[in-house]
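Residue numbers (this note's numbering), protein chains in the order written: chain R, 245 to 344; chain D, 245 to 344. We treat Cβ as the ideally placed atom computed from N, Cα and C, and that holds for glycine. Notes follow once the structure below has been shown.
2 protein chains.
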Amino acid sequence: MDHVEIFKALSNKTRLQILNWLKEPELNFPEQKQHAGFDHGVCVGQIQLKAGLTQSTVSEYLSVLQRAGLVKSKRVGQWTYYQRNEEAFEILSQMVRAEI
Amino acid sequence: MDHVEIFKALSNKTRLQILNWLKEPELNFPEQKQHAGFDHGVCVGQIQLKAGLTQSTVSEYLSVLQRAGLVKSKRVGQWTYYQRNEEAFEILSQMVRAEI
DNA sequence: AATGTATATCGGAAATTCCCGATATACCAA
DNA sequence: TTGGTATATCGGGAATTTCCGATATACATT
Numbered sequence: 245m246d247h248v249e250i251f252k253a254l255s256n257k258t259r260l261q262i263l264n265w266l267k268e269p270e271l272n273f274p275e276q277k278q279h280a281g282f283d284h285g286v287c288v289g290q291i292q293l294k295a296g297l298t299q300s301t302v303s304e305y306l307s308v309l310q311r312a313g314l315v316k317s318k319r320v321g322q323w324t325y326y327q328r329n330e331e332a333f334e335i336l337s338q339m340v341r342a343e344i
Numbered sequence: 245m246d247h248v249e250i251f252k253a254l255s256n257k258t259r260l261q262i263l264n265w266l267k268e269p270e271l272n273f274p275e276q277k278q279h280a281g282f283d284h285g286v287c288v289g290q291i292q293l294k295a296g297l298t299q300s301t302v303s304e305y306l307s308v309l310q311r312a313g314l315v316k317s318k319r320v321g322q323w324t325y326y327q328r329n330e331e332a333f334e335i336l337s338q339m340v341r342a343e344i
């Protein structure tokens, strides 16, 4: 994964917030429990509500995070669930320590 | 230090290269040895030569990196020497691992 | 004081990012 | 098939970033 693309994905307050919210889905997206549980992550609509931006913007931001490898997604029916890719953060942490 | 500002500073290929070059000043800036040694880092002119961009652009990029806390500078005579702030990378690595 | 060198700052054109509304696509239900 | 819901994609105005040339500032030398 391209380093610049990762850092660009992280260069936005809302996208950093989304990543942070996804650290504790149960806490930050309580409605998701009624909806479908947290097995595959949180659906776009829940994230959009919390972010307070338009649907198109949030969908685009999630794509940016995914292209950078920072989140994983899974389509189930009409919903797309997003969750953090923790391995990517571990690798990024090592990269910042040793490569940059 | 603001996280977004740090990631923005890292969201540029040339700035990432500069940081990488400054990991091994003796290797990447051999002329600096004749000039003044590496005690305080590498002067702007050497970095500019290596980057192949204009003096104003490189000076600006170094300011961006400094505002993000990623490099330190020291003015000596008419030269400004820049070096990496290794502590910042250690903190950033921890932040990526635990906070983001 | 006058000139030369190193760096910083200013002003701006082109490219990119931010975020929106509108529309398209995918899936589900009746 | 028709209509409804969730998400993705498109087109674009405003803001920001990229990188430049010109100029300002700081210091050293003569």
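Beta carbon proximity, residue i to chain D, threshold 8 Å
i       : result
L260(R) : yes
S337(R) : yes
N256(R) : yes
E331(R) : no
Inter-residue spacing [alpha-carbon to alpha-carbon] between residue i and residue j
i       : j       : result
N329(D) : G321(R) : 49 Å
E331(D) : E270(D) : 20 Å
I262(R) : E275(D) : 46 Å
I291(R) : V340(R) : 28 Å
Q310(R) : Q299(R) : 16 Å
A265(R) : F251(D) : The displayed chain sequence assigns Trp, not Ala, to residue 265(R). Distance between the alpha carbons of W265(R) and F251(D) is about 19 Å.
L314(D) : E304(R) : 30 Å
I335(D) : L254(R) : 16 Å
I344(D) : S337(R) : 11 Å
S307(R) : C287(D) : 40 Å
S317(R) : G289(R) : 14 Å
R319(R) : Y325(R) : 6 Å
K257(R) : K267(R) : 16 Å
R259(D) : V302(D) : 9 Å
K294(D) : F273(D) : 8 Å
H284(R) : Q327(D) : 44 Å
A312(D) : D246(D) : 8 Å
Per DSSP, cross-strand counterpart(s) of residue i
i       : result
Y325(R) : C287(R) and K318(R)
8 Å Cβ cutoff, residue i in contact with chain R
i       : result
V340(D) : yes
V286(D) : no
Quiz prompt | Continuous alpha helix (DSSP H) assignments of at least 4 residues falling wholly in the stretch 263 to 292 of chain R | solution = 269 to 272 and 275 to 279
Quiz item: Got a sec: which bits of the stretch 289 to 319 of chain R sit with their beta carbon under 8 Å from any beta carbon on chain D, in order along the chain?
Solution: The stretch 289 to 319 of chain R vs chain D, Cβ under 8 Å: nothing.
Exercise. With 9 Å as the C-beta to C-beta threshold (strictly closer), list the residues of the stretch 263 to 278 of chain R near chain D in chain order.
Key: L263, N264 and K267
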